[in-house]
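Undergrad:
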Amino acid sequence: GLGVELKAEDGALVIVRVIPGSPAEAAGIRAQDRIISVDGRTTAELSTDQAADMLQGPEGSRVQLGVVSPGAEPRIVTVERRRVDVPSVTDAKIVDPATGTAYLKITSFQRTTAHDLETALWDLYRKGMRSLIIDLRGNPGGLLVAGVEAADKFIESGVVVTTQGRNRQENFTYTANEAGTWRVPLVVIIDRDSASAAEIFAGAIHDHGRGTIVGTRSYGKGSVQGIFPLADGTSGLRLTTAKFYSPKGHPYSHVGVNPDLLVRTAARPIDGWQPAGSSPSEGSPARDVMLEAAVNAARQLTAQRSAGAR
Numbered sequence: 470g471l472g473v474e475l476k477a478e479d480g481a482l483v484i485v486r487v488i489p490g491s492p493a494e495a496a497g498i499r500a501q502d503r504i505i506s507v508d509g510r511t512t513a514e515l516s517t518d519q520a521a522d523m524l525q526g527p528e529g530s531r532v533q534l535g536v537v538s539p540g541a542e543p544r545i546v547t548v549e550r551r552r553v554d555v556p557s558v559t560d561a562k563i564v565d566p567a568t569g570t571a572y573l574k575i576t577s578f579q580r581t582t583a584h585d586l587e588t589a590l591w592d593l594y595r596k597g598m599r600s601l602i603i604d605l606r607g608n609p610g611g612l613l614v615a616g617v618e619a620a621d622k623f624i625e626s627g628v629v630v631t632t633q634g635r636n637r638q639e640n641f642t643y644t645a646n647e648a649g650t651w652r653v654p655l656v657v658i659i660d661r662d663s664a665s666a667a668e669i670f671a672g673a674i675h676d677h678g679r680g681t682i683v684g685t686r687s688y689g690k691g692s693v694q695g696i697f698p699l700a701d702g703t704s705g706l707r708l709t710t711a712k713f714y715s716p717k718g719h720p721y722s723h724v725g726v727n728p729d730l731l732v733r734t735a736a737r738p739i740d741g742w743q744p745a746g747s748s749p750s751e752g753s754p755a756r757d758v759m760l761e762a763a764v765n766a767a768r769q770l771t772a773q774r775s776a777g778a779r
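First residue of the sequence shown: 470, per this note's numbering; consecutive thereafter.
1. Grab me the residues of Glu474's own chain with a C-beta within less than 6 Å of its C-beta, minus the 5 sequence neighbours each way, in chain order.
2. Can you give me the C-alpha to C-alpha distance between Leu770 and Ile603, rounded to a whole angstrom?
3. Hey, would you say Pro527 sits closer than 8 Å to Arg499, going by beta carbons?
4. If you follow the beta strand (DSSP E) that Ala645 is part of, which residue opens it and which one closes it?
5. Can you tell me whether DSSP reads Asp479 as helix, strand or coil?
6. Just verifying my parser: in three-state terms, what is the DSSP assignment at Thr581?
7. If you compare alpha carbons, which of Asn727, Val555, His723 is closest to Ser692?
8. Provide the residue span of the beta strand (DSSP E) that contains Pro760, from first to last.
9. Please tell me whether Asp502 and Gln533 are closer than 8 Å, where the distance is taken between their beta carbons.
10. Which of helix, strand or coil does DSSP assign to Gln638?
11. Please tell me whether, using a cut-off of 7 Å, the distance from the CB of Ala620 to the nearest non-hydrogen atom of the ligand PLP is below it.
12. Taking one C-beta from the stretch 613 to 628 and one from the stretch 665 to 673 each time, how about it: are there three or more such pairs within less than 8 Å?
13. Give the DSSP-derived three-state secondary structure of Ile674 in the structure shown.
14. Please say whether Val656 and Ala766 have beta carbons closer to each other than 8 Å?
15. Against chain C, does Met759 count as a neighbour if the rule is that its beta carbon must be under 8 Å from one of theirs?
16. Tell me which same chain residues have a C-beta within less than 8 Å of the C-beta of Pro556, skipping the five on either side of it?
17. Residues bridged to Arg510 by DSSP?
18. Out of curiosity, what's the CA-to-CA distance linking Asn640 and Leu612?
19. Just to check my reading of the structure: Ala763 and Ile658 have Cβ atoms closer than 8 Å, yes? What is that Cβ distance to the nearest angstrom?
This is the structure:
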């Protein structure tokens, strides 16, 4: 692959994240760049899945991308594909040792996400985890099934998500299984770039009352789209074939997930977090206000559980 995470926006593919050391980084591609063509085909005529498939290919092969950086003219970039190992669960750590508040970030939902998440959870448990913050900021989604599998780790039973389409064969209900459920108090951080499978995860946690959602309203990408070829053989028609719905039947498309605790601020990396009440020194990273709010929410959930156990 190229080593990028993408989201669809206004007929283009927006680079959400570039993996350090990846072919994309070596080619000068940066976060917030827009891919407007792949091997001469404009992204406006491709579905997100089609464009993503065209970006993939044999190791050593090359792909030509039309790229637009913010404030710059379009350019053609040639990128050589190679194997890129992209961790989907990162930054697992205890952020508040006094209360056992743990943190991890899910950057996207891939085939390995459920396994990586389980590994991180056991590591945090051994380090004294009493509550958990899952950061989905900037997560563009990924595989629907991976989002369901991740949510299943925190929900004992019931619906995780349903899809409803134009045809009956596009209607599915995905449910949770009780086995292996983690019952740790949970806080999920979302922002306007949390989309698709990330919204499925956050929406399931919200509707089941399984945790507190902190941040801003999510993107609202709740539809499955397909490109249907037209008779001329050179163009196609983009149609929505199905939509996602939360366990309580709320649509995600153009609506998103609303947080329980609204925090209006730009997303910051966890390394920029400063404890509440502290003053960042000159030149130090800005405080991560969303993470602060999540830590406070996690503390409250831990205290409530401790009080209930007495």
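Yeah, the Cβ is synthetic: ideal placement off N, Cα and C, and Gly gets one too.
TA: The short version:
1. Excluding sequence neighbours, Glu474 sits near Val485, Arg486, Ser577, Pro609.
2. Distance between Leu770 and Ile603, taken at the CA atoms: about 14 Å.
3. no
4. 641 to 645
5. coil
6. coil
7. His723
8. In the sequence as presented, Pro is not what sits at residue 760; that position holds Leu. No beta strand (DSSP E) contains Leu760, which is instead part of the alpha helix (DSSP H) from 758 to 777.
9. no
10. Note: Gln638 maps to helix in three-state DSSP.
11. Among the components modelled here there is no ligand, and therefore nothing to report on the ligand PLP.
12. Enough Cβ pairs lie closer than 8 Å, so yes.
13. helix
14. yes
15. Chain labels in this structure do not include chain C; a single protein chain is all it has.
16. Thr576, Asp585.
17. Val507
18. 17 Å
19. 5 Å
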